[in-house]
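Quick note on numbering: the sequence shown equals residues 5 to 132 in this note's numbering. Cβ atoms here follow ideal geometry from the backbone N, Cα and C, with glycine treated the same way.
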Amino acid sequence: MDTINAIGRRKASVARVYLTSGSGNVQINGRKFEDYFPQKHIQATVLDPINTVDQAKVYDIKVNVKGGGFKGQSEAIRLGIARALVKIDADFKPALKAKSFMTRDARVVERKKYGKPKARKSFQFSKR
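Laid out in structure tokens, this is it:
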């Protein structure tokens with residue numbers, strides 16, 4: 005099998021995911037997966053799509069991710085892996101879509117407006 009690549013985005017994070025046939029190694033930004041995401045719940049988020057279709061020990065995953073925090077990065081990687089799996093086999097799509105791994109979460113931080121301290125918060129106001 006050739007290398008399959010896909011892009012996942014979430015908040016300010018962009019993840020480029022490369023799937024090759026292998027033994028289940030996951031490498032993120034040149035580091036071991038467990039070193040990059042030490043928290044177990046974040047590791048589970050990243051591996052959810054590949055575990056959903058029972059392909060955990062079939063593919064090696066190499067990821068380049070930048071921007072955002074660890075949660076946004078993990079969800080961007082999750083979307084990228086799901087998209088790459090569907091490129092490999094279209095039969096995976098219903099199972100991944102049922103868990104909403106194929107949906108790009110469009111929520112991003114709202115921009116700050118002038119005359120206000122944050123996007124919507126106003127300065128304290130007193131009539132007297």
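- About 3 Å separates the Cβ atoms of residue 21 and residue 84, confirming a contact at the 8 Å cut-off.
- For residue 56, the three-state secondary structure derived from DSSP is helix.
- Between residue 42 and residue 80, the alpha-carbon positions lie close to 17 Å from each other.
- Here DSSP, grouped into helix, strand and coil, assigns residue 113 to coil.
- The beta carbon of residue 71 lies closer than 7 Å to those of 16, 17, 18 in the same chain, with the five residues before and after it left out.
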